[in-house]
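*Asks:*
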């Protein structure tokens, strides 16, 4: 059984968000009928993909 901040699928990270950003995220979450965590995870995945594309194009 998992305890603490890490299990076999994920790790909990405590981060601070500016109030204005949280308000904007919450607004998007409501519109998408989603939840905060999944919205942030999706945004992070998109950022990683974008950075990988930049790296690949600069190597060419």
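In the numbering used here, the protein residues as written are 1070 to 1129.
Where a beta carbon is used, it is the ideal one built from N, C-alpha and C, also for glycine.
#1: Excluding the five sequence neighbours on either side, which residues of its own chain have a C-beta within less than 8 Å of the C-beta of residue 1101, listed in chain order?
#2: Among 1075, 1094, 1089, whose alpha-carbon lies nearest the alpha-carbon of residue 1113?
#3: Need the endpoints of the alpha helix (DSSP H) that residue 1079 sits in, please.
#4: Between the C-alpha atoms of residue 1119 and residue 1110, what's the straight-line distance to the nearest angstrom?
*Replies:* Reading it off the structure:
#1: If the five residues before and after residue 1101 are omitted, its C-beta is found closer than 8 Å to the C-beta atoms of 1108, all from its own chain and listed in chain order.
#2: 1094
#3: From DSSP, residue 1079 is part of no alpha helix (DSSP H); its letter is neither H nor E.
#4: 14 Å
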